[in-house]
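Peer 1: Sending over a structure as structure tokens; questions will come in a sec.
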Amino acid sequence: MREVLTYRLPDATQVTLRPATPDDAAAIIAAVRSRSEERSYVLMDIYGKDAAAERAYLERLERGRNLFLVATVDGAVVGILALLDMPLCRGAEATLAAGVHLVREWRGRGIGSAMLRYAVRWAAAHGFRQIAADIFTTNERSLHLFRKAGFREEPCRRRSVQVGAREISEVILVRRVPGGAARA
Ligand SMILES: CC(C)(COP(=O)(O)OP(=O)(O)OC[C@H]1O[C@@H](n2cnc3c(N)ncnc32)[C@H](O)[C@@H]1OP(=O)(O)O)[C@@H](O)C(=O)NCCC(=O)NCCS
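Heads up, the sequence shown is in my numbering, so the first residue is 35 and it goes up one at a time.
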């Protein structure tokens, strides 16, 4: 598959989707840092600590088994999607965990959907069988995005997360990858 994809939004803005490089680390951290309840656990809690840690992480990322995708507009990072070889459901074979985050001003313009389509193609091309995402039940936009892309709720895990004073439930949505071959 082509690694770098460029397309235009209806207003002619050019968007580029490409795998991140270590030089994107600071821009990625700036983009994902948010106190919002709508956030990706994969991106914020695991890798979203600081630019130095993000750079080190991207430098040692095993690129055949993990995708760290950025969406850029005029060279600026406006979205991030991580597809990590980190099964969210115990026992599930060859499952990637997905997290996606758009800079606020760039939400609602189809970029998240485009990144998710790229991610499904990447997973198929790299022999993975399914993709899973854990999403707050309050995050209606994200639930809609993933369901529209063919993800369905998996009974493997449901948990609650403390966010400030509130406890919010999470669901796991899973999508099978067409043609995803078995891999070791
Ligand atoms: C969730 C997120 C990644 C979606 O990306 P996006 O580029 O805004 O999504 P898109 O524009 O491609 O699609 C959004 C869809 O949600 C719909 N939508 C918007 N607000 C909605 C809401 N409150 N409830 C339900 N659906 C909603 C839109 O109509 C659109 O659907 P459509 O394509 O059928 O018209 C983005 O909003 C984001 O970064 N949110 C904060 C971080 C986050 O929540 N990450 C997900 C955790 S894994």
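Just so you know, even glycine gets a beta-carbon here, dropped at the ideal spot from N, CA and C. Quantities reported herein were computed from a predicted structural model and do not represent experimental measurements.
Enumerate in chain order the residues of its own chain whose CB-to-CB distance from R155 is below 7 Å, with the five nearest sequence positions on each side excluded.
Peer 2: Non-local beta-carbon contacts of R155 in its own chain, meaning distances under 7 Å to residues more than five positions away in sequence, involve M35 in chain order.
Peer 1: Would you say the beta carbon of E174 is closer than 7 Å to some non-hydrogen atom of ligand 1?
Peer 2: yes
Peer 1: For A87, does the count of other Cβ atoms within 10 angstroms reach 16, so buried, or fall short, so exposed?
Peer 2: exposed
Peer 1: Measuring from the CB of H178, is there a heavy atom of ligand 1 at a distance below 7 Å?
Peer 2: yes
Peer 1: Taking buried to mean at least 16 other C-beta atoms within 10 Å of its own C-beta, is E201 buried or exposed?
Peer 2: exposed
Peer 1: Using only CA atoms, which one of L95, E96 and A64 lies nearest to K83?
Peer 2: A64
Peer 1: Find the nearest neighbour of L207 within the set R163, A167 and S147, judged by alpha-carbon distance.
Peer 2: A167
Peer 1: Straight-line CA distance for V121 to L130?
Peer 2: Correcting the residue identity first, residue 121 is Pro in this sequence and not Val. For the pair P121 and L130, the Cα-to-Cα distance works out to about 6 Å.
Peer 1: Going by the DSSP bridge assignment, what does F180 pair with across the sheet?
Peer 2: DSSP lists no partner for F180.
Peer 1: Within a Cβ cutoff of 7 Å, which residues of the same chain sit near P212, ignoring the five residues on either side of it in sequence?
Peer 2: A158
Peer 1: Is the beta carbon of V134 closer than 8 Å to that of G146?
Peer 2: yes
Peer 1: Does the beta-carbon of H178 have 16 or more other beta-carbons within 10 angstroms, so that it is buried, or is it exposed?
Peer 2: exposed
Peer 1: Would A148 pass as an interface residue toward chain B - the criterion being a Cβ-Cβ separation below 8 Å?
Peer 2: Annotation note: the requested chain B is absent from the structure, which comprises a single protein chain.
Peer 1: Among R151, T172 and Q196, whose alpha-carbon lies nearest the alpha-carbon of R209?
Peer 2: R151
Peer 1: Whole angstroms are fine: how far does the CA of T47 sit from the CA of F185?
Peer 2: Within the model, the alpha-carbon separation for F185 versus T47 is close to 28 Å.
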